[in-house]
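Asks:
Protein chains: 2
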Amino acid sequence: MTTNLQRELETMLPAEDRLLDPADCWAYGADNSRLHALPEAVAFPRDAGAIVELVRLCRSLRTPLVVRGRGTGTTGAVVPVHGGLVLSMERMNRILEVDPANRWLVTEPGATNSEVQQAAGQHGFFWPPDPTSSAFCSIGGNLGCNAAGPRAVKYGTPRDNTLGLAAVAGTGDPLRTGVYTTKGVVGYDLTRLLIGSEGTLAVITEATLRLTPLPETRQLLQAVYRDMRAAAAAVARIMAQPATPCALEFMDAAAIGMIRGYADTALPEQAGAMLMIEVDGARAQIGLAAEAVRRAASGDGCLAIEVAATPEDAERLWRTRKALSPALRNIAPKKINEDVVVPVSRIPDLIDGLQALGRRYGITIVNFGHAGNGNIHVNLLVDPEDPVQMQAAERCLDEVFTLVLALRGTLSGEHGIGLVKREFVRRELDPAALRLMRGLQRVFDPDGIMNPGKSLPDALEAT
Amino acid sequence: MTTNLQRELETMLPAEDRLLDPADCWAYGADNSRLHALPEAVAFPRDAGAIVELVRLCRSLRTPLVVRGRGTGTTGAVVPVHGGLVLSMERMNRILEVDPANRWLVTEPGATNSEVQQAAGQHGFFWPPDPTSSAFCSIGGNLGCNAAGPRAVKYGTPRDNTLGLAAVAGTGDPLRTGVYTTKGVVGYDLTRLLIGSEGTLAVITEATLRLTPLPETRQLLQAVYRDMRAAAAAVARIMAQPATPCALEFMDAAAIGMIRGYADTALPEQAGAMLMIEVDGARAQIGLAAEAVRRAASGDGCLAIEVAATPEDAERLWRTRKALSPALRNIAPKKINEDVVVPVSRIPDLIDGLQALGRRYGITIVNFGHAGNGNIHVNLLVDPEDPVQMQAAERCLDEVFTLVLALRGTLSGEHGIGLVKREFVRRELDPAALRLMRGLQRVFDPDGIMNPGKSLPDALEAT
Chain E
139 MTTNLQRELE
149 TMLPAEDRLL
159 DPADCWAYGA
169 DNSRLHALPE
179 AVAFPRDAGA
189 IVELVRLCRS
199 LRTPLVVRGR
209 GTGTTGAVVP
219 VHGGLVLSME
229 RMNRILEVDP
239 ANRWLVTEPG
249 ATNSEVQQAA
259 GQHGFFWPPD
269 PTSSAFCSIG
279 GNLGCNAAGP
289 RAVKYGTPRD
299 NTLGLAAVAG
309 TGDPLRTGVY
319 TTKGVVGYDL
329 TRLLIGSEGT
339 LAVITEATLR
349 LTPLPETRQL
359 LQAVYRDMRA
369 AAAAVARIMA
379 QPATPCALEF
389 MDAAAIGMIR
399 GYADTALPEQ
409 AGAMLMIEVD
419 GARAQIGLAA
429 EAVRRAASGD
439 GCLAIEVAAT
449 PEDAERLWRT
459 RKALSPALRN
469 IAPKKINEDV
479 VVPVSRIPDL
489 IDGLQALGRR
499 YGITIVNFGH
509 AGNGNIHVNL
519 LVDPEDPVQM
529 QAAERCLDEV
539 FTLVLALRGT
549 LSGEHGIGLV
559 KREFVRRELD
569 PAALRLMRGL
579 QRVFDPDGIM
589 NPGKSLPDAL
599 EAT
Chain Z
139 MTTNLQRELE
149 TMLPAEDRLL
159 DPADCWAYGA
169 DNSRLHALPE
179 AVAFPRDAGA
189 IVELVRLCRS
199 LRTPLVVRGR
209 GTGTTGAVVP
219 VHGGLVLSME
229 RMNRILEVDP
239 ANRWLVTEPG
249 ATNSEVQQAA
259 GQHGFFWPPD
269 PTSSAFCSIG
279 GNLGCNAAGP
289 RAVKYGTPRD
299 NTLGLAAVAG
309 TGDPLRTGVY
319 TTKGVVGYDL
329 TRLLIGSEGT
339 LAVITEATLR
349 LTPLPETRQL
359 LQAVYRDMRA
369 AAAAVARIMA
379 QPATPCALEF
389 MDAAAIGMIR
399 GYADTALPEQ
409 AGAMLMIEVD
419 GARAQIGLAA
429 EAVRRAASGD
439 GCLAIEVAAT
449 PEDAERLWRT
459 RKALSPALRN
469 IAPKKINEDV
479 VVPVSRIPDL
489 IDGLQALGRR
499 YGITIVNFGH
509 AGNGNIHVNL
519 LVDPEDPVQM
529 QAAERCLDEV
539 FTLVLALRGT
549 LSGEHGIGLV
559 KREFVRRELD
569 PAALRLMRGL
579 QRVFDPDGIM
589 NPGKSLPDAL
599 EAT
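Protein sequence lines correspond, in order, to chains E and Z. Position in the first sequence counted from 1, then plus 138, gives you this note's numbering. Position in the second sequence counted from 1, then plus 138, gives you this note's numbering.
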């Protein structure tokens, strides 16, 4: 049975620019959340003009349109739960312009993060957001989720590093937002409104990214603490001095325990928390920056600090951090990975609360993440084959979110909402703010076709 | 004759919280643009609850509501051209919370920029935006205009330095936006939408500002160039290396000529452009940073570079820059001061174009500003008593804006739109983007009471 959408696409697009067979479409129904739904069709637009046509088609048919980068997201944001058309941006992957004198790079959204880094790097620049999947994730996906990664502690998120966008709104209108300069106050800030909106307002067709000069060199420090409270106090001291690190990662006691069992780490026996701190800058200054950070990292509860003297040393220290993922896989078949954020001073309260919840629900919880931003990756280790444990995990997660909000935190720092956190959004957002967001959504997408069922929760009542 | 608004305010507010007499209201009808319009009434709310009542009152009466900081703006953004109520935020000026461990400061909008700097400074922090009128301008005004100042080149604008807001929308609903953390992707970015919206969407009642550690010290350099092209090339070189200056100001040949006639400056005879470059950082590193910048500032067309060796030296060098304002006042009774922005590499084209326009219209044009952002303060020196010259200035300005947009620039970097640039906005903004902005405005302000006649131009047709 052929649907109206499929019939229209057959005449509208050449065969190589679309998929209509369910077997072909299957792979475009999932992301890295393991959720899946089958779209009616997949289109591979090659320019903004094609996207205008496709949005208008979906509007006329009242059919959902789900824009998709490379599917590396973890929240189901690109899973077409209401069917319709998946717009895969993989063929709009050209880098259109690199302007080193003005520090911008114009790219189509399908380029990967690492392709952008390479193009910028040839001129001595980089684009700071890097969600550690840079070889696979697309710029459009980074922008759709405001995905940041470890360097955000010094350089900010995509919202801080994007000058302007071209997009096609859910109305079918192509538009341009923002400027080519680092200042500009003409009209409302649509650029940042679209960034992080998970394809619910518009399809981004081009982005002007703000570039940053590549630092000459980096230096890594590893600091071990008696407990999380001592480590969090060190994070606050590090962030209060001007030599802001370009990465400030942490692991809690449970995470350290995991890697201890898995790899030879040479960490002190009493280690209750660990920080990995990286500074970057000019070669002539890096030693002074590392020393400033070392001084700030020292203090009550600090058991040891090691400054990597050589690249091999740094490699060895990062190996400790990198041992964590295989260690977790080794222990539990599945981890539920959340990316909550709390103010830095509340990290110890969060970790204490998480350990208490873990004990109450009989679930091992392992925490690590971007300490400088208070962005904690909370990992519930579970067996998906065990329905009792999975139910317990669900109740536990509910309490995790309550705890995070009580600590003045937020439910997601970079993974986004998608499907999986959607019903929790109501707990965080002010009802009036949520009503206004729904109103904004209707302005961009009057027929409700843009990635329906994602990001904002459904209205409880007519608004 | 008493209006409905005045009658309602008499019962709603104690006498000391309102002004109804036109003579008393007079002073609240102007800003620093010298434009003026008399409001029906002025209210001095003391909390968000009072603002909710006042917005609802204005909504029920379909009366304009114009929120006002300290009136230091230059665009007429707070001039009540359609009458109604002026909401002066001067009594909501408490700094509510400073949290050094989490690097935030919560303030009411009526606090001045310098009061915030003092409160943050006691803990070793500052708030980077500083539109050089810090003693007089309010935080609410800074946020309303996204006013940035010279430090934006390193530290960004208010949009980059604000975590969250409390506000009352034009619907009368109080709301909270944003987070207390430096990452957060739950819902759409209403914080940045409200910043720079010039009171046309909501009244900001509280702001959570992101603090930055105070640098230990600063160092100033003055670099003189043969012409603007050589200076702009130096700006691009300076911005392409990692030691980003905390100020990167410039003056063109006309500006140098002005101060030469006015003060003893010891600048080389052939000076065609000048850069004032300031670096900040730790005492141990400042010399290296200054040296990196000195190297980048050197090159073809550079006539001289002086590094201030002592605070007295720096004082003397800044005196050159500060001589400009009195010099301009000495020469012309009035200056029309625009704050356009162009990509750094296009600054020379802009300056050349401005000089040609000046010759054609018989108007002296003097340019200086924030070179690192490409943010140029274009000053047309005119005699307001001379109607022929004033007409010529108007036509000239029109061509200035055309030139700026042709160079991929923007009409305003920090002063905003207000009344004075409103009819030019249509030339910059994409029509679809403008339609969407009007739609967003209707969501926040369904009755069109929020600072009507500002920021966005009137619709030409029904939309």
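Cβ coordinates follow ideal geometry from the N, Cα and C atoms, glycine included.
Using a C-beta to C-beta distance shorter than 8 angstroms, which residues of chain Z count as neighbours of E552 of chain E?
Replies: K321, V323
Asks: Apart from the five residues just before and just after Q144 of chain E, which ones in its own chain have a Cβ nearer than 7 angstroms to its Cβ?
Replies: L158, E178, A179.
Asks: Taking only the alpha-carbon atoms, compute the straight-line gap between A600 of chain E and A370 of chain E and give it to the nearest angstrom.
Replies: Legend: pLDDT at A600 of chain E = 46, less than 50; position of this residue unreliable, value from coordinates given subsequently. Straight-line Cα distance between these residues: approximately 44 angstroms.
Asks: Determine whether the Cβ of T315 of chain Z lies closer than 8 angstroms to any Cβ atom of chain E.
Replies: yes
Asks: Is A165 of chain E buried or exposed, if buried means 16 or more other CB atoms sit within 10 Å of its CB?
Replies: Around the C-beta of A165 of chain E, fewer than 16 other C-beta atoms lie within 10 Å, and the residue is accordingly described as exposed.
Asks: Please report the residue range of the alpha helix (DSSP H) in which E148 of chain E lies.
Replies: 142–150
Asks: Any beta-carbon of chain Z closer than 8 angstroms to the one on T601 of chain E?
Replies: Summary for T601 of chain E: the model assigns pLDDT 42, below 50, so the residue's position carries little reliability; its value from the coordinates is reported in the next sentence. No, its Cβ sits nowhere closer than 8 angstroms to a Cβ of chain Z.
Asks: Using a Cβ cut-off of 7 angstroms, pull out every chain Z residue sitting near S272 of chain E, in sequence order please.
Replies: In chain Z, no part has a C-beta under 7 angstroms from the C-beta of S272 of chain E; the shortest such distance is about 18 angstroms.
Asks: In this structure, how does DSSP classify T601 of chain E when only helix, strand and coil are distinguished?
Replies: Because T601 of chain E carries a pLDDT of 42, less than 50, the predicted location of this residue cannot be relied on, and the following value inherits that uncertainty. Annotated three-state conformation of T601 of chain E is coil, per DSSP.
Asks: Taking E407 of chain E as the reference, give the member of E:V362, E:V190, E:S272 with the closest Cα.
Replies: The option with the nearest alpha carbon to E407 of chain E is E:V362.
Asks: Can you pull out the residues from the stretch 377–409 of chain Z whose beta carbon lies closer than 9 angstroms to at least one beta carbon of chain E?
Replies: M377, A378, Q379, P380, A381, T382
Asks: Are there three or more Cβ pairs, one per stretch, closer than 8 angstroms when the stretch 388–404 of chain Z is compared with the stretch 432–439 of chain Z?
Replies: no
Asks: List the residues of chain Z whose Cβ lies closer than 7 angstroms to the Cβ of S335 of chain E, in chain order.
Replies: Y326
Asks: Along the stretch 465–490 of chain E, what residues have a CB closer than 9 angstroms to any CB found in chain Z?
Replies: D477, V479, V480, P481, V482, S483, R484
Asks: Please check if any C-beta of chain Z sits within less than 8 angstroms of the C-beta of L348 of chain E.
Replies: Before going on, a small fix: residue 348 of chain E reads as Arg here, not Leu. Not one chain Z Cβ lies under 8 angstroms of R348 of chain E.
Asks: Leaving out the 5 sequence neighbours to the left and right, which residues in its chain are closer than 7 angstroms to F562 of chain E when beta-carbon positions are compared?
Replies: F539, L549
Asks: Taking 8 angstroms as the CB-CB cut-off, is T212 of chain Z touching chain E?
Replies: no
Asks: Using a Cβ-Cβ cutoff of 9 angstroms, what residues of the stretch 166–195 of chain E are near chain Z? List them in chain order.
Replies: none
Asks: What does Q357 of chain E touch in chain Z if you count any residue whose Cβ is under 7 angstroms from its own?
Replies: Neighbours of Q357 of chain E on chain Z: none; closest Cβ ~14 angstroms, over 7 angstroms.
Asks: Quick one: is E235 of chain E buried, meaning 16 or more other Cβ sit within 10 Å of its Cβ, or exposed?
Replies: exposed
Asks: Kindly list the residues whose CB is nearer than 8 angstroms to the CB of D585 of chain E, restricted to its own chain and excluding five residues on each side of it in sequence; keep chain order.
Replies: R197, R200, G308
Asks: DSSP three-state label for K472 of chain Z, please.
Replies: strand
Asks: Note down, in chain order, every chain E residue with its Cβ under 7 angstroms from the Cβ of A239 of chain Z.
Replies: A374, V482, S483
Asks: For F582 of chain Z, return the contacting residues in chain E, with the cut-off set at a CB-CB distance below 7 angstroms.
Replies: L574
Asks: Comparing alpha-carbon positions, which option in E:G259, E:D487, E:A461, E:M366 lies nearest E354 of chain E?
Replies: E:G259
Asks: Kindly list the residues whose CB is nearer than 8 angstroms to the CB of G262 of chain E, restricted to its own chain and excluding five residues on each side of it in sequence; keep chain order.
Replies: Excluding sequence neighbours, G262 of chain E sits near P238, P351, L352.
Asks: Consult DSSP for A305 of chain Z and reduce its assignment to one of helix, strand or coil.
Replies: strand
Asks: Per DSSP, what kind of secondary structure is F506 of chain E in: helix, strand or coil?
Replies: Three-state DSSP puts F506 of chain E in a strand.
Asks: Just list the residues that DSSP pairs V341 of chain E with in beta bridges.
Replies: E:V306
Asks: Smallest Cα separation from G334 of chain E: which of E:G282, E:G221, E:L413?
Replies: E:G282
Asks: Using a threshold of 8 angstroms, state whether the C-beta atoms of A305 of chain E and T343 of chain E are closer than that.
Replies: yes
Asks: In this structure, how does DSSP classify G322 of chain E when only helix, strand and coil are distinguished?
Replies: Residue state, collapsed to three classes: coil.
Asks: Please compile the residues from chain Z whose C-beta is within a distance smaller than 8 angstroms of the C-beta of T448 of chain E.
Replies: Going along chain Z, no residue has its Cβ under 8 angstroms from T448 of chain E, so there is no contact; the nearest lies around 22 angstroms.
Asks: I'd like to know whether the C-beta of P266 of chain Z is nearer than 8 angstroms to at least one C-beta of chain B.
Replies: The question asks about chain B, but that chain is absent: this structure's protein chains are E and Z.
Asks: What's the gap between the Cα of A461 of chain Z and the Cα of L455 of chain Z?
Replies: 10 angstroms
Asks: Any beta-carbon of chain E closer than 8 angstroms to the one on L301 of chain Z?
Replies: With 8 angstroms as the cut-off, L301 of chain Z does not count as an interface residue toward chain E.
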